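Asker:
Protein chains: 2
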Amino acid sequence: MTLETLSTIRSHGGTQGVYSHASTTTGTDMTFALFVPDHAPGTKLPVLWYLSGLTCTHANVMEKGEYRAACAEHGVIFVAPDTSPRGEDVPDDPDGAWDFGLGAGFYVDATVEPWAKHYRMRSYIEDELPSLVLRNFASADLTRQAITGHSMGGHGALTIGLRNPDRFRSVSAFSPIVAPIRCPWGEKAFGHYLGDDREAWRAYDACALLDDGLRLPDLLVDQGDADTFLAEQLRTDLLVEACERNGQKAAIRMQPGYDHSYFFISTFMAEHVAWHAERLKA
Amino acid sequence: MTLETLSTIRSHGGTQGVYSHASTTTGTDMTFALFVPDHAPGTKLPVLWYLSGLTCTHANVMEKGEYRAACAEHGVIFVAPDTSPRGEDVPDDPDGAWDFGLGAGFYVDATVEPWAKHYRMRSYIEDELPSLVLRNFASADLTRQAITGHSMGGHGALTIGLRNPDRFRSVSAFSPIVAPIRCPWGEKAFGHYLGDDREAWRAYDACALLDDGLRLPDLLVDQGDADTFLAEQLRTDLLVEACERNGQKAAIRMQPGYDHSYFFISTFMAEHVAWHAERLKA
Chain A
-5 MTLETLSTIR
5 SHGGTQGVYS
15 HASTTTGTDM
25 TFALFVPDHA
35 PGTKLPVLWY
45 LSGLTCTHAN
55 VMEKGEYRAA
65 CAEHGVIFVA
75 PDTSPRGEDV
85 PDDPDGAWDF
95 GLGAGFYVDA
105 TVEPWAKHYR
115 MRSYIEDELP
125 SLVLRNFASA
135 DLTRQAITGH
145 SMGGHGALTI
155 GLRNPDRFRS
165 VSAFSPIVAP
175 IRCPWGEKAF
185 GHYLGDDREA
195 WRAYDACALL
205 DDGLRLPDLL
215 VDQGDADTFL
225 AEQLRTDLLV
235 EACERNGQKA
245 AIRMQPGYDH
255 SYFFISTFMA
265 EHVAWHAERL
275 KA
Chain B
-5 MTLETLSTIR
5 SHGGTQGVYS
15 HASTTTGTDM
25 TFALFVPDHA
35 PGTKLPVLWY
45 LSGLTCTHAN
55 VMEKGEYRAA
65 CAEHGVIFVA
75 PDTSPRGEDV
85 PDDPDGAWDF
95 GLGAGFYVDA
105 TVEPWAKHYR
115 MRSYIEDELP
125 SLVLRNFASA
135 DLTRQAITGH
145 SMGGHGALTI
155 GLRNPDRFRS
165 VSAFSPIVAP
175 IRCPWGEKAF
185 GHYLGDDREA
195 WRAYDACALL
205 DDGLRLPDLL
215 VDQGDADTFL
225 AEQLRTDLLV
235 EACERNGQKA
245 AIRMQPGYDH
255 SYFFISTFMA
265 EHVAWHAERL
275 KA
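Protein sequences, first through last, are from chains A and B. For the first sequence, our numbering begins at -5 and goes up steadily by one. For the second sequence, our numbering begins at -5 and goes up steadily by one.
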């Protein structure tokens, strides 16, 4: 599994790289961004994963996320994967919609063709990419990991965090889709990727996983109350209820006036990095 | 002179707006970005101008510049104008090159047709836009202004700062073109915009203006030493010499490993904002 370095740029006292590799999981080339703060030789740094939202690649948060200053300050590696497989033989939404297909892998392993062949973002994030990072970045300490994400990527962070409680010391999210089995984005995507058996969808629904007994070590969520996707798609209220119902420790904060954009994410990014760093170093 | 609000978005405890107006100076519509931190009613905030580089619009620094956290912390309004007039009847580089014409106004008032009709970025930045900001943003205190910029915009900040010592309390720049009359970008642009009389070019050359006796109140410059434009176009060495020769107080810092991109600019943006804020509040 060879890693190709597409670019490395010095920024905020560290190295912002973009890397590509042939993924055995998705059967496509996959690209990701990874920031390593300067560190003494031999030092191991904890790793914070960031999963992006619908339509994004690795590049959106790399350009607009404002995470590097905080990651350099706290000595945290930041990894931003892509949101779906890509390539000429990867099927896309037949109508070209942006909420399904390319840029919209929803962090599931699809079980229905034609999606099942390439759309395996769950296994890619849970297994292949951490393994690749471990082998290629000597400073990455994978005994100390945390995960966050935005919107569809917030859904990814919550569900991957819930299913892997031993891997992540802390989980946070920006405006996550908290109950995809009960919102139009999720119902469309899961119907295609996973088929009609709605019981199979529960493994990819944060609120359902909480009800099914899974727990997060700790949870921080920020949600803008001027987010136009809040009422129909994101449904933060359902996560608040699920946490209360199941005794899940969580700080779920409504942020007045903020929308769904990187202008919102970047506002609270440094706080999330610091919150994770505190738990990664505990 | 009516101002049209294209968008306002909450970010970092303030409002990031994008505005458009019919400019009497350029004879075109002009767009700019302006960030106002939250403030008590009636409070006046100092204004930091940021002039962008070749190919940029108001949007590049707004998305990638990472200035909002620092501006909110220090209570500074941040204004980012466009880099040239735009529109169907605005002439562009005949070969479509990116270093002249659209996105490359070089902050001069062109004197040669067909450029002279619209390319009047000096007067736009020096006269029309400050007047517009004063009338439309009640919190903007134009008795306290500072200016910075990147590359071509660093050239703009230096020369506009030198020619207007009473207007700006402090001037800084990121990888500025310090001597456009002695580099290929500047010679091409000034030859077109200003014609063959090289004496007329001196009003737009920071090193020449220093030699001609103009001074800045204070100067901070950051320049990456891995910047591929450094040796041929930017020539930081000439600014160092001109400051020493003329007794201009300046902190000109070479930053090891940094390039010409927003990954560099964003790294030092918070420091520049804090440096200006200290002088604006003195």
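C-beta: ideal position from N, C-alpha, C; glycine also. Here the structure is a predicted model, which is why all the values come from computation and not from measurement.
(1) Would a check of beta-carbon distances place A:Ala34 closer than 8 angstroms to chain B?
(2) Which same chain residues end up closer than 8 angstroms to B:Val55 when comparing Cβ atoms and leaving out the 5 residues on each side of it in sequence?
(3) With a cut-off of 8 angstroms on the beta carbons, I'd call B:Gly8 and B:Val30 a contact; round off their distance for me.
(4) Terminal residues of the continuous alpha helix (DSSP H) containing B:Ala183?
(5) At the level of alpha carbons, what is the spacing between A:Gly97 and A:Arg157?
(6) Using C-beta distances below 8 angstroms, list every residue in its chain close to A:Thr142, excluding the 5 sequence neighbours before and after it, in chain order.
(7) Quick one: does B:Tyr252 have its CB under 8 angstroms from some CB of chain A?
(8) If we require 3 or more residues per run, which beta strand (DSSP E) segments fall completely within the segment 1 to 84 of chain A?
(9) Cα-Cα, which of B:Thr25, B:Gly36, B:Gly207 and B:Trp179 is closest to B:Met115?
(10) Going by DSSP, name the residue or residues bridged to B:Gly143.
(11) What residues in the segment -4 to 29 of chain B have a beta carbon less than 8 angstroms from any beta carbon of chain A?
(12) Closer than 7 angstroms by beta-carbon distance: list the chain A residues that pair up with B:Thr261, in chain order.
(13) For chain E, is any of its Cβ atoms less than 8 angstroms away from the one on B:Ser133?
(14) Compile a chain-ordered list of the residues in the segment 48 to 74 of chain A whose CB is closer than 8 angstroms to at least one CB of chain B.
(15) Say whether the segment 218 to 226 of chain B touches the segment 129 to 141 of chain B, bearing in mind that this needs 3 or more beta-carbon pairs closer than 8 angstroms, one atom from each stretch.
(16) Given a cut-off of 8 angstroms, decide if A:Thr22 and A:Val84 are closer than it, judged by their beta-carbon atoms.
(17) Per the DSSP calculation, A:Thr(-1) is bridged to which residue(s)?
(18) Assuming A:Arg176 and A:Leu228 are in contact, meaning their beta carbons sit under 8 angstroms apart, how far apart are those beta carbons, in whole angstroms?
(19) Could you name the residues of chain A that B:Ala220 contacts, counting a contact when the two beta carbons are closer than 8 angstroms?
(20) B:His68 to A:Leu128, Cα distance in whole Å?
(21) Go ahead and label B:Ser125 buried or exposed: buried means 16 or more other beta carbons lie within 10 angstroms of its beta carbon, across all protein chains shown.
(22) Please report the distance separating the alpha-carbon of A:Asp89 from that of A:Glu82.
(23) With a threshold of 8 angstroms between beta-carbons, can A:Phe184 be considered close to chain B, or not?
(24) Residues in the segment 145 to 177 of chain A with C-beta within 8 angstroms of chain B's C-beta atoms, listed in sequence order?
(25) Identify the contact partners of A:Ser255 in chain B, using a Cβ-Cβ distance below 9 angstroms as the criterion.
(26) Assuming A:Gln249 and A:Asp212 form a contact by the criterion Cβ under 8 angstroms, report the distance between their Cβ atoms to the nearest whole angstrom.
(27) Check this for me: beta carbons of B:Lys182 and B:Asp93, under 8 angstroms apart or not?
(28) Chain A partners of B:Phe258, CB-CB under 9 angstroms?
(29) One question on the structure: do B:Asp199 and B:Pro174 come within less than 8 angstroms of each other, judged by their Cβ atoms?
(30) Given a threshold of 16 other Cβ atoms within 10 Å of its Cβ, counted over all protein chains shown, does B:Pro35 qualify as buried or as exposed?
(31) Within this structure, are the beta carbons of B:Ser133 and A:Thr261 separated by less than 8 angstroms?
(32) Measure the C-alpha to C-alpha separation of A:Cys50 and B:Leu274 and round it to an integer number of angstroms.
(33) How would you label A:Pro170, buried or exposed, when you count the other beta carbons within 10 angstroms and need 16 or more for buried?
(34) State buried or exposed for A:Lys58, treating a residue as buried only when at least 16 other CB atoms are found within 10 Å of its CB.
(35) Where does B:Phe257 sit, in a helix, a strand or coil, going by DSSP?
Answerer: Walking through what the data contain:
(1) no
(2) Ala27, Tyr44, Ser46, Tyr61, Ala74, His144, Tyr256 and Ile259
(3) 6 angstroms
(4) Pro178 to Leu188
(5) A:Gly97 and A:Arg157: Cα-Cα distance of roughly 23 angstroms.
(6) Leu42, Trp43, Tyr44, Leu45, Gly148, Ala151, Val165, Ser166, Ala167, Phe168, His266 and His270
(7) So, interface residue.
(8) 8 to 16, 23 to 31, 39 to 45 and 71 to 75
(9) Considering only B:Thr25, B:Gly36, B:Gly207 and B:Trp179, the residue with the shortest C-alpha distance to B:Met115 is B:Thr25.
(10) B:Leu45
(11) Residues passing the 8 angstroms Cβ filter: Ile3, Arg4, Ser5, His6, Gly7 and Gln10.
(12) Near B:Thr261 (Cβ distances below 7 angstroms), the residues of chain A are Ser5 and His6.
(13) Looking at the structure shown, chain E is missing, and the protein chains on hand are A and B.
(14) Glu57, Lys58, Glu60, Arg62 and Ala63
(15) no
(16) yes
(17) A:Tyr13
(18) The distance from the Cβ of A:Arg176 to that of A:Leu228 is about 11 angstroms, inconsistent with a contact at the 8 angstroms cut-off.
(19) Under the 8 angstroms cutoff, chain A gives Arg4.
(20) In a straight line, the C-alpha of B:His68 is about 41 angstroms away from that of A:Leu128.
(21) exposed
(22) 16 angstroms
(23) no
(24) none
(25) Ordered by position in chain B, the residues that pass the 9 angstroms Cβ test against A:Ser255 are Ile3 and Ser5.
(26) With 8 angstroms as the limit, A:Gln249 and A:Asp212 do not qualify as a contact, their Cβ atoms being about 19 angstroms apart.
(27) One thing to note: B:Lys182 has its Cβ within 8 angstroms of the Cβ of B:Asp93.
(28) What B:Phe258 touches in chain A: Ile3, Arg4 and Ser5.
(29) For the 8 angstroms CB-CB criterion, B:Asp199 and B:Pro174 form a contact.
(30) exposed
(31) no
(32) 39 angstroms
(33) buried
(34) buried
(35) helix
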